[in-house]
Amino acid sequence: MSTVTLPAARISPRAMLTGGVVAGPLYVAVWLTQAFTRDGFDITRHPASLLANGGPGWIQTANFIVSGLLTIAGAVGLRQTLRAGGSSVRGRVWGPRLVGAYGFGLLLAAAFPADPAAGFPVGTPADYAEISTRGMGHFVAGTIGFSGLIAACLVFGAHYRAIGRRTLARFSVVTGILFFAAFAGLSAGAGSRPTIIAFDLAVILGWTWITTVCRDKR
């Protein structure tokens with residue numbers, strides 16, 4: 001009896017990169033919509049991760065999952081496109097891997113939600129700061145994801161500089177430096193308003209960078 005072999009479905013690099021383009025705007029839109037509608041949430045005091053708590057917390061969890069998967073898709077698209085273009089090993093291998101690490105960090109953040117803190121969700125004491133096992137997991141997720149993003153910016157900065165794309169090289173490096181400064185400030189600032197605001201802006205900048213790079217390579 002003869003057998004029929006069907007061709008394997010293959011998602012094009014362009015479609016993968018489109019996922020990377022969409023991930024940031026989707027994440028920011030869902031985050032900000034919740035930030036200005038959830039009772040008790042103050043965007044100047046509460047990081048986005050706290051939105052995973054409370055009854056509607058599943059929305060932010062889903063936001064982490066969907067944006068994480070789209071970011072990983074974008075990383076795969078970057079790898080395929082850079083490999084076809086004959087980029088350096090550092091550019092075609094480590095750049096996409098590090099972007100993928102950021103996506104993986106988002107998936108881990110969904111699996112390990114942040115602990116309630118600073119009066120959110122409503123009913124949480126304003127000075128509540130206990131760290132549970134899941135809270136430690138969330139911290140690890142953030143460290144993996146944000147470190148990946150920072151390193152990806154620097155690697156792509158070198159890649160763009162090597163091919164003469166100076167504007168994108170500078171944008172990449174500046175994004176990595178500013179994100180590192182904001183993340184370090186958040187870690188050291190114990191949730192003060194200036195560090196929360198600075199980190200919020202850095203998150204938007206980081207997503208803008210991912211969208212820009214995926215769109216450039218699409």
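Going by the numbering used here, the sequence shown opens with residue 1, and the numbers climb by one from there.
We put the beta carbon where it would ideally sit given N, CA and C, even for glycine.
Nearest to residue i (by Cα), restricted to the options the options
i	options	result
F63	T44, G105 and V99	Phe is not the amino acid found at residue 63; the sequence shown has Asn there. It is G105.
V122	A52, M16 and A151	A52
F180	R165, V203 and A169	V203
V140	A162, G164, A117 and S187	S187
F171	A182, G157 and L26	G157
I131	G100, L50, I11 and L178	L50
L178	L201, A162 and R166	L201
G54	T81, A117 and I65	A117
Own chain partners of residue i with C-beta closer than 6 Å, once the 5 adjacent residues on each side are dropped
i	result
V30	N63
G119	A126
F175	As written in the sequence, residue 175 is Thr, which differs from the Phe given in the question. Taken in chain order, the residues that qualify are C153, L205 and W209.
A48	W31
T33	none
F183	F146
Below-8 Å beta-carbon distance, residue i vs any chain B residue
i	result
G54	Chain labels in this structure do not include chain B; a single protein chain is all it has.
Opposing strand residues paired with residue i [DSSP bridges]
i	result
T120	The amino acid at residue 120 is misidentified as Thr; the sequence shows Phe. A117, per the DSSP bridge assignment.
Residues near residue i in its chain [Cβ-Cβ closer than 8 Å; skip 5 each side]
i	result
R14	G77 and R218
L70	G19, G20, V22, A23, L26 and G103
L6	With a pLDDT of 40 at L6, under the threshold of 50, the modelled position of that residue is not reliable, and no figure is offered here.
Close beta carbons around residue i, own chain, < 7 Å, minus the five adjacent residues each side
i	result
S67	A23, L26, Y27 and L106
G100	I72 and A75
I168	According to the sequence shown, residue 168 is Leu rather than Ile. Taken in chain order, the residues that qualify are Y160 and D216.
R10	none
A151	L98
Pair every Cβ in the stretch 197 to 216 with every Cβ in the stretch 58 to 78, then say whether three or more of these pairs are closer than 8 Å. Verdict: yes, contact present.
At a cut of 8 Å, does the stretch 146 to 158 reach the stretch 118 to 137 through at least three beta carbon pairs? In this structure the stretch 146 to 158 does not lie against the stretch 118 to 137, because fewer than three pairs of beta carbons, one per stretch, are closer than 8 Å.
Between the stretch 105 to 119 and the stretch 46 to 62, do at least 3 Cβ pairs fall closer than 8 Å? The stretch 105 to 119 vs the stretch 46 to 62: in contact.
Would you call the stretch 91 to 100 and the stretch 31 to 45 touching, i.e. three or more CB-CB distances under 8 Å? By the C-beta criterion, the stretch 91 to 100 is judged not to be in contact with the stretch 31 to 45, since fewer than 3 inter-stretch pairs fall below 8 Å.
Pair every Cβ in the stretch 188 to 200 with every Cβ in the stretch 41 to 55, then say whether three or more of these pairs are closer than 8 Å. Contact check between the stretch 188 to 200 and the stretch 41 to 55: three or more CB pairs, one atom from each, fall below 8 Å, which counts as touching.
Hey, which unbroken runs of the alpha helix (DSSP H) at 4 residues or more fall wholly within the stretch 21 to 85? With a minimum length of 4 residues, the unbroken runs of alpha helix (DSSP H) contained wholly in the stretch 21 to 85 fall at 57 to 84.
Any chance you could list the alpha helix (DSSP H) runs of at least 4 consecutive residues sitting entirely within the stretch 123 to 190, in chain order? Taking only runs of at least 4 residues, the alpha helix (DSSP H) segments lying wholly in the stretch 123 to 190 are 133 to 162 and 166 to 188.
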